[in-house]
Amino acid sequence: MTALNRYFTTVAVLFLTCFPILGQQTGGSSGNDDLRKAGTLHYAYEFAQAREYYNKALKLTTDSLEQIAIMDRILQCRNGENLLQYIVRPTAIASRTVRTEDFYLYLNDFDNRSWIPIPNPFVKISDSGKHPYYTAMYMPVSEDRVIYSAPDGNGAWNLYTSSRKDSITWSIPELLSENVISGHNEIFPVLSRNGRTLYFASDGMPGMGGYDLFYSQLDDETGEWSVPENMGFPYSSTGDDLLYLESRDGHYSIIVSNRETSGSDSVKIYVTEYIPTPVKTPLEKGESPVAIASFIKETPQPEAVTTPKTEETTDMGGDARMEDYSKLMHQLRRLQEEHQEKLDKIAESRRIYETASEEDRKFLEGIIRDVEKEALQIRRQMDALSEQIRQIEQMFLAEGIIPVVQEEKAQETPAAQEPAAEETPEYTFSRHAMGKIPYIIVEQPEPEFDYTFKILGRNEGQFVEDNTLPEGIVYQIQFMVLSNHASVRDIRGMSPVFVTRMKSGKYLHTVGLFSTYQEAQSCLARVRGNGFRDAIIIAYNNGKSIPVKTARTMENERVLKMPASGNRSTGSASRQSASAASGEMSYQVVLKGYGPSLPSSVLSAIRGATTKDLTKSGSDEATVFAVGPFSDRKDAEFVLKILEDLDIKNVSIESIKL
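If you count the sequence shown from 1, you need to add 288 to reach the numbering used here.
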């Protein structure tokens, strides 16, 4: 069975597995048909056509959850179109299908017994249960620092890090970086051989479907991890791509994915040649993304009738052209290695530059400039050579010839002096043993006080540790004034309770911290129903008591100040861009006419398009929602385009003078 057939056999199963909610509430069989067609096209990388069917299905459904799910798929299709613009073409040296539940044990580049089961002292099981893929944590005995995934309070799996303090004690786990939090799931973190690049899988960052593979790089100066970038196609696919790592010997890249397996019970491990500086080129007409995603080494010859070739033609012309093709491929690889050496030299010179004297810096500046010119020249040669190779490959394919890179012939030398050829060792699979959970103590942070209003059991009420009120306008519910500080029994299970001693010597007891009058009002009935019938709402501004009427007026006046839409008095687009670059102008995407709250479908679209803040100003029908700020207008236009494609109305870009 060809990879193409295997792929489409898998599509139907994957669609039902990954889109369980789609089609349950869609209006009529027409909507279900549209979703099935969209799913098939989506998994086959026909993103433009898939979007058309998703949009048809979106118009036919009235179920809000299904609308959100469909809009997520539309965004994935748009991401997929972008990721297919420039691609690399690695080929599989080896592959193996294994069980999902313990696939990591078949990866020889991890130490034996280095995976420990979940739950363990680092990873606890949340209320949502075990993760379907992340069932073990990588914890080699020799490491003093671990990076792993664990669920947060909302059930999302985030990346954490902890360091060894002594033989059994590990530090309080910390989130690895704000840059790698998507609000969804990040799993299977793996460091590169030099420890400066982190690879992981995420289903919450911009991808083409399911889990995609991402990488983040460590900044030596700040110690922070960079904003993750998608590894691109074909490392990321429309299936669930779970793990990426570099082999220890530097020869291979290893990808684990279910893109070609049926259901979630098995995954496939692909071993490809490691490409240190991959050259991305456009997807050509006639190239199959499905075949490329399968890392096919030799594309099966088309079954179309071709003109027979004589034995003489095959022997004479074919061999000669294949030899020329192979020479070009070897030449390209040498240029890639030379280009990487130049880049490494530039990076090393820049590191030395940081601590060098003024005189040495001038000398290093000249070296860096020269090497950069050399690297640029090599890159141009690589681009030109890649174009030659592409044309030859197209010619071969047109004639039904499968291009094969022949081994590079060594230069003729005396037999005694001929060096032994250095061959890349063949990759073999073997199964490691599972590790045991070690006896360790993981330090835990002090629990933070929960300021959410609630009524607990009779003797479970809670007083706050710090009675200081936050800045700005806050509302509280005053429920009693006593001569003495109330006991836990007196507050009847309420939390959080604040106690303030008044000038008269009596004790004012209030409960809750509410940012709006409406929130306080919604809880007032519960306080009165708890036995405090005289409870009232009071207000503070920056810790000082103010009349509730004044607070409500101030609350309603918290309107975001924005210039009128379409203001062009600042000049042309180029002048606006220059102002933004100098810090004088920023932009935001504005939504109007939605009333006091945005529909869940619109909120989901915004969250899928950007991580920028969403603010609300005004009241009732005059409410304005703003997404931003964006320092670059192009970023705002990108979000606007996505929202407009999803048929979201009353949305525009407005500029803000800083």
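Just so it is clear, CB atoms sit at the ideal spot from N, CA and C, and this is done for glycine as well. Just so we're clear, the structure is a prediction, and the values are computed from it rather than from any experiment.
Residues bridged to F786 [DSSP beta-bridge criterion]: T798
Nearest-angstrom Cβ-Cβ length linking K742 and V769, presumed shorter than 8 Å: With 8 Å as the limit, K742 and V769 do not qualify as a contact, their Cβ atoms being about 23 Å apart.
Straight-line gap, T549 to S480 (C-alpha atoms, nearest Å): 27 Å
Residue closest to L571, alpha-carbon to alpha-carbon, out of F926, G368 and Y436: G368
Y333 to P577 span [Cα, whole Å]: 7 Å
Any 3 or more C-beta pairs closer than 8 Å across the region 467-484 and the region 738-756: no
Counted within 10 angstroms of its Cβ, other Cβ atoms place H773 as buried (16 or more) or exposed: Classification of H773: exposed, given that the 10 Å Cβ count is below 16.
Separation of V877 from E942, as counted between CA atoms: 6 Å
Best match in P522, A326, A808 and K661 for proximity to L372 [C-alpha to C-alpha]: P522
Of the residues L801, H797 and D491, the one placed nearest A823, counting alpha carbons only: H797
Pick from T457, S919, Y448 and E626 that is closest to V730, judged by C-alpha positions: T457
Given Y422 as reference, the closest of R746, S552, D397 and H330 once Cα atoms are compared: S552
Exposure label - L928; buried when at least 16 CB within 10 Å: buried
Which of helix, strand or coil DSSP assigns to I728: coil
Anticipated Cβ contact below 8 Å, V762 with P784, distance rounded: In fact, because the Cβ distance is near 12 Å, the residues do not count as touching under 8 Å.
Three CB pairs or more closer than 8 Å across the region 434-448 and the region 404-417: yes
Residues near Y487 by beta carbon distance below 6 Å, same chain, minus five either side: V478, Y503 and Y532
Rounded C-alpha distance that separates P566 from P405: So the alpha carbons of these two residues sit roughly 35 Å apart.
Simplified DSSP assignment, three categories, for P735: coil
Beta-carbon gap between S545 and G527 smaller than 8 Å: yes
A951 in three-state terms, based on DSSP: This structure leaves residue 951 out entirely; the chain is present only between 289 and 946.
Per-residue DSSP class, three states only, for K832: Three-state result, K832: strand.
Bounding residues of the beta strand (DSSP E) (the contiguous stretch that carries N446): W445 to S451
Neighbourhood of L848 by C-beta distance below 7 Å, restricted to the same chain and skipping five residues each side: Caution is warranted here: a pLDDT of 38 is assigned to L848, below 50, making its placement in the model unreliable, and the coordinate value is therefore given only provisionally. Only T903, S905, V912 and A914 meet the Cβ criterion.
Cβ-Cβ distance between G723 and S402 below 8 Å: At the C-beta level, G723 and S402 come within 8 Å of one another.
Contact check, R789 vs N747, beta carbons under 8 Å: no
Identity of the residue in S554, S582, T569 and K568 nearest T560 by Cα: S582
Proximity winner among R678, L631, M683 and S674, relative to I655 (alpha-carbon distances): L631
Distance, I930 Cα to G495 Cα: 14 Å
Among S889, I765 and T899, the one whose alpha carbon lies nearest that of E807: I765
Boundaries (first-last residue) of the beta strand (DSSP E) holding F476: E474 to L479 is the extent of the beta strand (DSSP E) around F476.
Whole-angstrom distance between E660 and Y715, CA atom to CA atom: 36 Å
Close beta carbons around I936, own chain, < 8 Å, minus the five adjacent residues each side: By the criterion of a C-beta distance shorter than 8 Å, I936 is surrounded in its chain by L879, V890 and A893, once the five residues flanking it on both sides are discounted.
Runs of alpha helix (DSSP H) lying entirely within the region 339-381, each at least 4 residues, in chain order: 352-371
CB contact flag (S535, Y562, <8 Å): yes
Helix, strand or coil at L902 according to DSSP, with G and I counted as helix: strand
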